[in-house]
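Asker:
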Amino acid sequence: LDLYQKEIGEVDDLAAFFGGCSLHGANHIFVEDKKFGIRQGLWSVVFLSALSMFLFQVADRVIYYLQYDHITMLDERVAKNLTFPAITMCNYNFVRKSQMSYSDLIFMGPLLGFEEGMAPGFPLAPEPDRPPGSRFSLDEFYNRTRHTIEDMLLECNFRGEECGPENFRERHFLCKPKVLIKNSTNHFTTAHQVKS
Numbered sequence: 042l043d044l045y046q047k048e049i050g051e052v053d054d055l056a057a058f059f060g061g062c063s064l065h066g067a068n069h070i071f072v073e074d075k076k077f078g079i080r081q082g083l084w085s086v087v088f089l090s091a092l093s094m095f096l097f098q099v100a101d102r103v104i105y106y107l108q109y110d111h112i113t114m115l116d117e118r119v120a121k122n123l124t125f126p127a128i129t130m131c132n133y134n135f136v137r138k139s140q141m142s143y144s145d146l147i148f149m150g151p152l153l154g155f156e157e158g159m160a161p162g163f164p165l166a167p168e169p170d171r172p173p174g175s176r177f178s179l180d181e182f183y184n185r186t187r188h189t190i191e192d193m194l195l196e197c198n199f200r201g202e203e204c205g206p207e208n209f210r211e212r213h214f215l216c217k218p219k220v221l222i223k224n225s226t227n228h229f230t231t232a233h234q235v236k237s
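Numbering (our numbering), first residue to last: 42 to 237.
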């Protein structure tokens with residue numbers, strides 16, 4: 042057994058090793074049953090040159106990285122009238138569990154990760170006032186359980202003036218996070234989130 046492992050673990054010569062190696066060029070330098078000639082010498086020069094350039098570039102990038110160089114460019118301009126850029130606020134928790142009722146859990150539970158017979162793990166809200174015999178409405182569910190701008194907006198200032206929830210116009214889309222955009226007319230509107 043030791044003799045077999047020794048035969049597997051050892052390579053007879055470099056030519057046999059590099060003959061089965063995937064390192065490009067090495068199999069042309071060390072060729073079985075041939076003396077080291079002009080062709081092998083040229084391959085050696087090309088191989089060592091390429092390896093040297095590669096190692097030089099690796100060392101150069103490592104040294105450059107360790108220097109922590111950074112460039113900060115600042116272009117400052119004075120403007121009398123500044124148009125506010127669009128602002129988007131998204132809340133990926135599109136429902137408040139504290140506002141969910143038992144009937145919401147029955148209809149929306151599977152979409153929210155709850156299985157039948159599973160305890161919700163939070164106190165359920167009272168049933169909403171619905172006309173008797175009315176069907177479950179996603180729009181009504183979302184309007185009742187969604188996060189409102191009053192809950193999300195902590196502080197708002199624009200051009201030194203305070204703004205609040207009254208400066209926002211909300212629109213929401215079912216099964217998507219709410220998106221609010223402040224446009225250049227100093228009003229907030231919403232739009233679909235664009236995937237880039």
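No residue lacks a Cβ here, since even glycine has one placed at the ideal position from N, Cα and C.
Entirely within the segment 176-217 and at least 4 residues each: give me those alpha helix (DSSP H) ranges in chain order.
Answerer: 179-186 and 190-193
Asker: Considering only residues of the same chain and omitting the five flanking positions on each side of residue 321, which have a CB-CB separation below 7 Å?
Answerer: This structure does not reach residue 321, given that the chain is present from 42 up to 237, and the question cannot be answered.
Asker: What's the gap between the Cα of residue 190 and the Cα of residue 144?
Answerer: Numbered from 1 along the sequence shown, position 149 holds the residue referred to as residue 190. Numbered from 1 along the sequence shown, position 103 holds the residue referred to as residue 144. For residue 190 and residue 144, the distance between alpha carbons rounds to 25 Å.
Asker: Expressed to the nearest angstrom, what Euclidean distance is found between the alpha-carbon atoms of residue 208 and residue 187?
Answerer: As a working note, residue 208 is residue 167 in the sequence shown. As a working note, residue 187 is residue 146 in the sequence shown. The straight-line gap from Cα to Cα measures roughly 19 Å.
Asker: What number of angstroms, rounded off, separates the C-alpha of residue 140 from the C-alpha of residue 101?
Answerer: If you number the sequence shown from 1, residue 140 lands on position 99. If you number the sequence shown from 1, residue 101 lands on position 60. Approximately 59 Å, taken between the alpha carbons.
Asker: How close, in whole Å, do the beta carbons of residue 146 and residue 155 come, if the pair is a contact with beta carbons under 8 Å?
Answerer: Position 105 of the sequence shown, counting from 1, holds the residue named residue 146. Position 114 of the sequence shown, counting from 1, holds the residue named residue 155. Their Cβ separation, rounded to whole angstroms, is 6 Å, which keeps residue 146 and residue 155 in contact under 8 Å.
Asker: When the Cα atoms are used, what is the spatial distance from residue 204 to residue 197?
Answerer: Position 163 of the sequence shown, counted from the start, is the residue given in the question as residue 204. Position 156 of the sequence shown, counted from the start, is the residue given in the question as residue 197. If I take the Cα positions, the gap works out to 5 Å.
Asker: Measuring only the C-alpha atoms, how far is residue 76 from residue 82?
Answerer: Taking the sequence shown and counting its residues from 1, one reaches residue 76 at position 35. Taking the sequence shown and counting its residues from 1, one reaches residue 82 at position 41. Using only the alpha carbons, I get a separation of about 11 Å.
Asker: Here's the rule: buried if 16 or more other CB atoms are within 10 angstroms of the residue's CB, otherwise exposed. What is residue 59?
Answerer: Residue numbering aside, residue 59 sits at position 18 when the sequence shown is read from its first letter. Flag for residue 59 reads buried.
Asker: Give me the Cα-Cα distance between residue 64 and residue 87, rounded to the nearest whole angstrom.
Answerer: Here residue 64 is taken as the residue at index 23 of the sequence shown, counted from 1. Here residue 87 is taken as the residue at index 46 of the sequence shown, counted from 1. Taking the straight line joining both Cα atoms gives about 13 Å.
Asker: Is the Cβ-Cβ distance between residue 185 and residue 169 less than 8 Å?
Answerer: Residue numbering aside, residue 185 sits at position 144 when the sequence shown is read from its first letter. Residue numbering aside, residue 169 sits at position 128 when the sequence shown is read from its first letter. Result yes, Cβ atoms of residue 185 and residue 169 sit closer than 8 Å.
Asker: Between residue 157 and the rest of its own chain, which residues show a CB-CB distance below 7 Å, the 5 nearest in sequence each way excluded?
Answerer: On the sequence shown, position 116 is the one that residue 157 refers to. No residues qualify anywhere along the chain.
Asker: Taking the alpha-carbon positions, what's the residue 138 to residue 172 distance?
Answerer: To locate residue 138, count along the sequence shown from 1; it is residue 97. To locate residue 172, count along the sequence shown from 1; it is residue 131. Approximately 23 Å, taken between the alpha carbons.
Asker: Using 8 Å for Cβ pairs, my map puts residue 165 next to residue 142. What's the rounded Cβ distance?
Answerer: Your numbering for residue 165 matches position 124 in the sequence shown. Your numbering for residue 142 matches position 101 in the sequence shown. Sure, about 6 Å apart at Cβ, within 8 Å.
Asker: Just the C-alpha distance for residue 202 and residue 122, rounded to the nearest angstrom, thanks.
Answerer: Here residue 202 refers to the residue found at position 161 when the sequence shown is read from its first residue. Here residue 122 refers to the residue found at position 81 when the sequence shown is read from its first residue. Roughly 14 Å separates the two Cα atoms.
Asker: Is residue 195 closer than 8 Å to residue 206 when the C-beta atoms are compared?
Answerer: Taking the sequence shown and counting its residues from 1, the one referred to as residue 206 is at position 165. Taking the sequence shown and counting its residues from 1, the one referred to as residue 195 is at position 154. Not closer than 8 Å, so no.
Asker: Give me the Cβ distance between residue 177 and residue 148, rounded to the nearest whole Å; I'm assuming they're in contact under 8 Å.
Answerer: Numbered from 1 along the sequence shown, position 136 holds the residue referred to as residue 177. Numbered from 1 along the sequence shown, position 107 holds the residue referred to as residue 148. Right, the Cβ-Cβ distance comes to about 5 Å (below 8 Å), so this counts as a contact.
Asker: Please state whether DSSP places residue 136 in a helix, a strand or coil.
Answerer: Counted from its first residue, the sequence shown places residue 136 at position 95. Note: residue 136 maps to coil in three-state DSSP.
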